[in-house]
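Heads up: the structure comes next, in structure tokens.
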Amino acid sequence: MANQKMNLPSPFSFKECLWFLNRNFDDCMHTVGEDHVRKVILVENQPVLFEIREKNSKLIIKILKGEGSPVIENFIHDWFDINRDIKPFYQLLSAHKELAYMSKDFEGLRLIGIPDLFEAICWCIIGQQINLTFAYKTKRRLVERYGTKIIYEGQDYYAFPSPEALAAANPEELKAMQFSAQKIAYLTGIANVFKEGKMSKQILLDLPDVAAQQKALTAIKGIGIWTANYTLMKTLRIPTSIPYGDAGLLNGLIAHRIISDKKDIEGINTFFRHFKGWESYLVFYLWRSLAPKT
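Residue numbering for the sequence shown follows the numbering used here, beginning at -11 and increasing consecutively.
See the structure below:
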């Protein structure tokens, strides 16, 4: 199949996006090279491995294994938030003394999403109360055991497990992967909710407002308000979503002298009011600021 080309908006930095996808963490959901990323997604329940590079302000998409589909292009648009004009956000950043540098240093960085709702929620559960390095390690164990694998040129690539696969997971196997009893109950319980069709991305999209979406998510055992807000930010791309209480967000706010006390909710809300409509992007850039390039 011929390579597909995708026009890019300005500003867009594939290099910045690759940096975020790598960050020296062992993320089994994609493989990052010096100038490309490879990823598997399921198209009509069949795995497809594709590679993305950049050339002449276009993304070049190559299908490495499986059948090409418009679904892949739509996924990439969503994953890299390609359709959004972020120039208004940069105008707001430039007007803020402590944050003005971000529009230059991180120019073109897009809010990298997690288009699959089930994966996003599971990732939140996996990462609860542990450090990121261990979270990625346990996620890899889960994905390699229950996900869908493609082998290409001797290397394994994985799609995230389906709700059906996780709903049927053996609790003893999950325990051996170092998941706590509570996380096992949450993961399998949430998998059953998705398997039974009681939750989906479309169900959330059909709800009238963010409050209704938060309520629907937090009604599911294991999903608190932080997970709900993170999911709305990364999957539904609700621009006003703020994952209150997030350690990285709080550290970023303190580092930029926005607040001095992590419990200063009023100070946080006052600050974010200056970035109305871009709260999620600001959270993402604050995360980015915690690990500058070396």
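Built from N, CA and C at the ideal position, the CB exists for glycine as well. Owing to the predicted nature of the structure, the values given are computational and were not obtained by experimental measurement.
For Ala173, the secondary structure class from DSSP, reduced to helix, strand or coil, is helix.
According to the DSSP assignment, Asn62 belongs to the alpha helix (DSSP H) that extends over Pro58 to Trp67.
When the five nearest sequence neighbours on each side are left out, no beta carbon in the same chain lies closer than 6 Å to the beta carbon of Gly212. Taken atom to atom, the span from the alpha-carbon of Lys127 to that of Thr176 is near 14 Å. In the structure shown, His262 adopts helical secondary structure according to DSSP, grouped into three states. Of the candidates Glu32, Ile70, Ile113 and Gln117, Ile70 places its Cα closest to the Cα of Ser45. Collapsing the DSSP output to three states places Met(-6) in a strand. The three-state secondary structure of Tyr232, taken from DSSP, is coil. Rounded to the nearest whole angstrom, the C-alpha separation of His262 and Asp14 is 35 Å. In the DSSP assignment, Pro35 forms a beta bridge with Leu30.
The C-alpha of Gly210 lies about 43 Å from the C-alpha of Lys43. At least 8 Å separates the beta-carbon of Ile118 from that of Val28.
Boundaries of the alpha helix (DSSP H) harbouring Ala216: Ile213 to Lys222, taken from the DSSP string. With a 10 Å radius around the Cβ and a threshold of 16 neighbouring Cβ atoms, Ser150 comes out buried. With 16 or more other Cβ atoms inside 10 Å of its own Cβ, Gln202 counts as buried.
Taking one beta carbon from each stretch, the stretch 103 to 118 and the stretch 168 to 187 have 3 or more pairs nearer than 8 Å; the two touch. Within the same chain, Cβ atoms closer than 6 Å to the Cβ of Phe182 are found at Phe106 and Pro151, the five residues on either side in sequence being excluded.
Within the DSSP secondary-structure output, His84 pairs in no beta bridge.
Taken through DSSP and simplified to helix, strand or coil, Leu99 comes out as coil.
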